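Going by numbering that gives the first Met the number 0, the letters in the sequence shown line up with residues 0 to 719, in that order.
Just so you know, even glycine gets a beta-carbon here, dropped at the ideal spot from N, CA and C.
Model, not experiment: these values are computed from the prediction.
Here's the structure we're looking at; comments come further down.
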Amino acid sequence: MAARTRRRANAADASRRRRLPMRLTLPVLLLAALMAMLMLRGYVHSEILADHRIRPEAASDRVPEKILDGGPVIDTRGGRTTSLRVPDRHVVLTFDDGPDPAWTPKVLDVLKKHHAHAVFFVTGTMTSRYPQLVRRMVAEGHEVGVHTFNHPDLSYQSKKRVDWELSQTQLAITGAAGIRTSLFRPPYSSSADAMDDLSWPVTEYIGSRGYITVVNDRDSEDWRKPGVGRIVRNATPGAGKGAIVLMHDSGGDRHQTVQALDRLLPRLQQQGYTFDNLTEALNAPSAHTPVAGPGLWAGRAWVLLVQAADGVTGVLVVGLAVIGASVLARFALMLWLSVVHARRVRGRRFCWGRPVTEPVSVLVPAYNEAKCIENTVRSLTASEHPVEVVVIDDGSTDGTARIVENLDLPGVRVVRQENAGKPAALNRGLANARHDIVVMMDGDTVFEPATVRELVQPFGDPAVGAVAGNAKVGNRDSLIGAWQHIEYVMGFNLDRRMYDVLRCMPTIPGAVGAFRRTALERVGGMSDDTLAEDTDITMALHRDGWRVVYAERARAWTEAPESVSQLWSQRYRWSYGTMQAIWKHRGAMLDRGPSGRFGRVGLPLVSLFMVVAPLLAPLIDAFLLYGIVFGPTQRTIGAWLGVLAVQAACAAYAFHLDRERMTHLVSLPLQQLLYRQLMYVVLLQSWITALTGGRLRWQKLRRTGVVGAAPGAAGERQAA
Numbered sequence: 000m001a002a003r004t005r006r007r008a009n010a011a012d013a014s015r016r017r018r019l020p021m022r023l024t025l026p027v028l029l030l031a032a033l034m035a036m037l038m039l040r041g042y043v044h045s046e047i048l049a050d051h052r053i054r055p056e057a058a059s060d061r062v063p064e065k066i067l068d069g070g071p072v073i074d075t076r077g078g079r080t081t082s083l084r085v086p087d088r089h090v091v092l093t094f095d096d097g098p099d100p101a102w103t104p105k106v107l108d109v110l111k112k113h114h115a116h117a118v119f120f121v122t123g124t125m126t127s128r129y130p131q132l133v134r135r136m137v138a139e140g141h142e143v144g145v146h147t148f149n150h151p152d153l154s155y156q157s158k159k160r161v162d163w164e165l166s167q168t169q170l171a172i173t174g175a176a177g178i179r180t181s182l183f184r185p186p187y188s189s190s191a192d193a194m195d196d197l198s199w200p201v202t203e204y205i206g207s208r209g210y211i212t213v214v215n216d217r218d219s220e221d222w223r224k225p226g227v228g229r230i231v232r233n234a235t236p237g238a239g240k241g242a243i244v245l246m247h248d249s250g251g252d253r254h255q256t257v258q259a260l261d262r263l264l265p266r267l268q269q270q271g272y273t274f275d276n277l278t279e280a281l282n283a284p285s286a287h288t289p290v291a292g293p294g295l296w297a298g299r300a301w302v303l304l305v306q307a308a309d310g311v312t313g314v315l316v317v318g319l320a321v322i323g324a325s326v327l328a329r330f331a332l333m334l335w336l337s338v339v340h341a342r343r344v345r346g347r348r349f350c351w352g353r354p355v356t357e358p359v360s361v362l363v364p365a366y367n368e369a370k371c372i373e374n375t376v377r378s379l380t381a382s383e384h385p386v387e388v389v390v391i392d393d394g395s396t397d398g399t400a401r402i403v404e405n406l407d408l409p410g411v412r413v414v415r416q417e418n419a420g421k422p423a424a425l426n427r428g429l430a431n432a433r434h435d436i437v438v439m440m441d442g443d444t445v446f447e448p449a450t451v452r453e454l455v456q457p458f459g460d461p462a463v464g465a466v467a468g469n470a471k472v473g474n475r476d477s478l479i480g481a482w483q484h485i486e487y488v489m490g491f492n493l494d495r496r497m498y499d500v501l502r503c504m505p506t507i508p509g510a511v512g513a514f515r516r517t518a519l520e521r522v523g524g525m526s527d528d529t530l531a532e533d534t535d536i537t538m539a540l541h542r543d544g545w546r547v548v549y550a551e552r553a554r555a556w557t558e559a560p561e562s563v564s565q566l567w568s569q570r571y572r573w574s575y576g577t578m579q580a581i582w583k584h585r586g587a588m589l590d591r592g593p594s595g596r597f598g599r600v601g602l603p604l605v606s607l608f609m610v611v612a613p614l615l616a617p618l619i620d621a622f623l624l625y626g627i628v629f630g631p632t633q634r635t636i637g638a639w640l641g642v643l644a645v646q647a648a649c650a651a652y653a654f655h656l657d658r659e660r661m662t663h664l665v666s667l668p669l670q671q672l673l674y675r676q677l678m679y680v681v682l683l684q685s686w687i688t689a690l691t692g693g694r695l696r697w698q699k700l701r702r703t704g705v706v707g708a709a710p711g712a713a714g715e716r717q718a719a
């Protein structure tokens, strides 16, 4: 019994492990729903499964003579081979290819004006998209017939495809008007005497499915747009004969058709003609059969799904266009303001103020950083600027504090505390710092000798309260590292130049940042209200009126996550923490002064480009895939390559500013296809956590210590 219980428990544990987590399940479901809607929209817009082949004329020796010499109404139901003509002085106007939202209402208005009825042979695609027009046709006494779903030449199609075309069109008609119809007109058909050996078997099969095939006596040729007078002449029966007249209410500009109809109807009515639908003209039972029960609900569900697919994809296309334009505008703004920033800070006469030479305190919060902490501390002791180093051991269990103490380096102190989190560790370090300028860095980061000096020079301007340094990826040799390297150089540092000029820097990186002690004390120090304490404190400083700037030469080399799971954990915390910080400081949008300026400039920019726009990443690739497969392929690929070229230009300029090798940009296209999707899922998971009221804990990343001394890295960069 005990063994059986253990097996059941193990099976339950294995089942839980196999279950897809919500952070993956929801994005997969959303992407699947999006692709389903795109496929449905492509189907009803004749972009999927459409067949535009038209078979040339063939011999007609197997077509019965009585069909070739008979009327335009062909009945092959139940094995019959009969045809009918419309009685004299009766005209049945037929309109193909609709309904069309522009021209069908005008045709209906003219028919209503002259008290005439007609037959509309509708396609399933147009009926699904504009069901209200089919509903109006039936309500005003017109008949509708099946003209297939997406207008293929049925002589090319299998019986299965023919059945599909019929059933899908009937489903759309049922959903639109609650009826079925027994009338059918094949695409590309003409008069009865044009029936050939290829179209006749289709007509026979259509009859076996319960349909009456309707061709025509008179072709108005309105599709040629020959002029109103010519259309009227083509549609006029000869010598008082009856006729079925072919016209069109869709497929292009039909203003000549509408004008010809308005002239034809009163002229023939004065000659004693009546304009009936087909069964009225033949004095036969209605071709319409009401549908109820499951069939009706299935039709309505189909129409609803098509409307939803059209609506959702329409909104997405508009949203994609708006976001795309915004992103391109952001690229342009980012490039322009980066040029402005580079020219300003690199000018010969540029100066922040008096040189800052007094010592500064460097705070290094550390939790289980045994593999990295020695490199970090030694890089600080090699600084060209006088520093005191305060390592705050936040309850490490791997001997981090002991490693630092055993180094016995001058100017380096260790402060121990129980594990309380990074904000608490920084506040503890701030309380133990001796100097008025405080530099903060991560325990896995190394500084170049000039980093601290470059980082603190902006404090020569008394309005500056904080400075963001230039964080760089030290382990960039792997593919994931190279992608993050591109992101850091382009997405972070180029952004910071733009935000510096706009005076709304959203984040001072935890890897390399400096603060004026009085500024920190005025805003209450580091807060643990959010998981992005660096973003939180930066926004708080803006709201307090301090200026936050970017020091491009203050380079710090940090260890980026080397696995997908580690990258996931880091970006999940960043995304969720950023959302928390935006929500916490949302009141700035209504403030006055510096706080209001940041709220109305900085917060919208951060919200749009860090929280909202990334959610559309899979949408871009979904449309890319759809366009490549179903067309227009060349335009789709061209548009994507155009956007990629803009991104590449921005990235190349960013690499030029940072004097980085361009070889890493080879992986940029792959980054756009794969890395962006990962960031999307991370952001979506953050949204889920935020909307469900979840509380994310700090997640410690595993370090490898691969980033060595900064001078070597810098030397490698300069040699390159």
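Expected contact under 8 Å - CB spacing of residue i and residue j to nearest Å
{"i": "Asn-215", "j": "Pro-71", "result": "5 Å"}
{"i": "Ala-324", "j": "His-89", "result": "About 57 Å separates the two Cβ atoms, so there is no contact after all."}
{"i": "Ala-117", "j": "His-141", "result": "5 Å"}
{"i": "Val-213", "j": "Arg-184", "result": "5 Å"}
{"i": "Val-361", "j": "Val-339", "result": "The pair is not a contact, with the Cβ atoms about 31 Å apart (cut-off 8 Å)."}
{"i": "Met-578", "j": "Thr-537", "result": "That pair is no contact at about 15 Å."}
{"i": "Gly-428", "j": "Val-414", "result": "6 Å"}
{"i": "Leu-175", "j": "Arg-134", "result": "Per the sequence shown, the amino acid found at residue 175 is Ala instead of Leu. Yes, they are in contact, since the Cβ atoms of Ala-175 and Arg-134 sit about 6 Å apart, within 8 Å."}
{"i": "Asp-441", "j": "Ala-510", "result": "5 Å"}
Beta-bridge pairing of residue i - partner residues as DSSP gives them
{"i": "Pro-416", "result": "The amino acid occupying residue 416 in the given sequence is Gln; Pro does not appear at that position. Beta-bridge pairing links Gln-416 to Asp-393."}
{"i": "Thr-180", "result": "His-287"}
{"i": "Asp-441", "result": "According to DSSP, Asp-441 bridges with nothing at all."}
{"i": "Asn-405", "result": "Paired residue(s): none; Asn-405 is not in a bridge."}
{"i": "Ala-242", "result": "Val-90"}
{"i": "Phe-622", "result": "None, per the DSSP bridge assignment."}
{"i": "Asp-218", "result": "Leu-245"}
{"i": "Val-386", "result": "Val-359"}
{"i": "Asp-192", "result": "Bridge partners of Asp-192: none, in fact."}
Residue i, buried or exposed, once every other Cβ within 10 Å from all chains shown has been counted against 16
{"i": "His-146", "result": "buried"}
{"i": "Glu-532", "result": "buried"}
{"i": "Pro-385", "result": "exposed"}
{"i": "Asn-282", "result": "exposed"}
{"i": "Lys-421", "result": "buried"}
{"i": "Asp-162", "result": "exposed"}
{"i": "Glu-56", "result": "exposed"}
{"i": "Arg-401", "result": "exposed"}
{"i": "Val-665", "result": "exposed"}
Residue range of the alpha helix (DSSP H) that includes residue i
{"i": "His-254", "result": "254-269"}
{"i": "Lys-111", "result": "103-112"}
Other residues of its chain near residue i: CB distance less than 6 Å, five sequence neighbours each side excluded
{"i": "Phe-491", "result": "none"}
{"i": "Ala-465", "result": "Ile-507, Phe-514, Leu-540, Val-547"}
{"i": "Pro-354", "result": "none"}
{"i": "Leu-132", "result": "Pro-98, Thr-103"}
{"i": "Ala-653", "result": "Val-488, Met-489, Leu-493"}
{"i": "Met-661", "result": "Phe-654"}
Neighbourhood of residue i by C-beta distance below 7 Å, restricted to the same chain and skipping five residues each side
{"i": "Trp-343", "result": "Sequence check: residue 343 is Arg here, not Trp. Same-chain partners within the cutoff: Phe-349."}
{"i": "Tyr-674", "result": "Trp-482"}
{"i": "Gly-177", "result": "Pro-289, Val-290, Leu-295"}
{"i": "Pro-457", "result": "Trp-351, Val-463, Val-466, Val-548, Ala-550"}
Residue interval of the beta strand (DSSP E) (run including residue i)
{"i": "Gly-144", "result": "142-145"}
{"i": "Lys-421", "result": "No beta strand (DSSP E) contains Lys-421, which is instead part of the alpha helix (DSSP H) from 421-431."}
{"i": "Leu-362", "result": "359-365"}
{"i": "Arg-329", "result": "Not the beta strand (DSSP E): Arg-329 falls in the alpha helix (DSSP H), residues 293-344."}
{"i": "Thr-81", "result": "81-83"}
{"i": "Thr-557", "result": "546-557"}
{"i": "Asn-474", "result": "Careful: Asn-474 lies outside any beta strand (DSSP E) and carries neither H nor E."}
{"i": "Ile-211", "result": "211-213"}
Same chain, Cβ closer than 8 Å to residue i, neighbours up to 5 away in sequence not counted
{"i": "Val-257", "result": "Trp-102, Lys-105, Val-106, Val-109"}
{"i": "Ile-211", "result": "Val-72, Ile-73, Asp-74, Arg-76, Ser-181, Leu-182, Phe-183, Ala-286"}
{"i": "Gly-480", "result": "Val-472, Asn-474, Ala-559, Glu-561"}
{"i": "Trp-697", "result": "Bear in mind that the predicted position of Trp-697 carries a pLDDT of just 48, short of 50, making it unreliable; the figure below should be weighed with that in mind. Once the five neighbours on either side are set aside, the close Cβ partners of Trp-697 are Gly-420, Lys-421, Leu-530, Arg-572."}
{"i": "Gly-459", "result": "Cys-350, Trp-351, Gly-352, Arg-353, Pro-354, Val-355"}
{"i": "Arg-229", "result": "Glu-220"}
{"i": "Ala-67", "result": "Looking at the sequence shown, residue 67 is not Ala but Leu. Cβ neighbours of Leu-67 beyond the five flanking positions: Ser-59, Ala-191, Asp-192, Met-194."}
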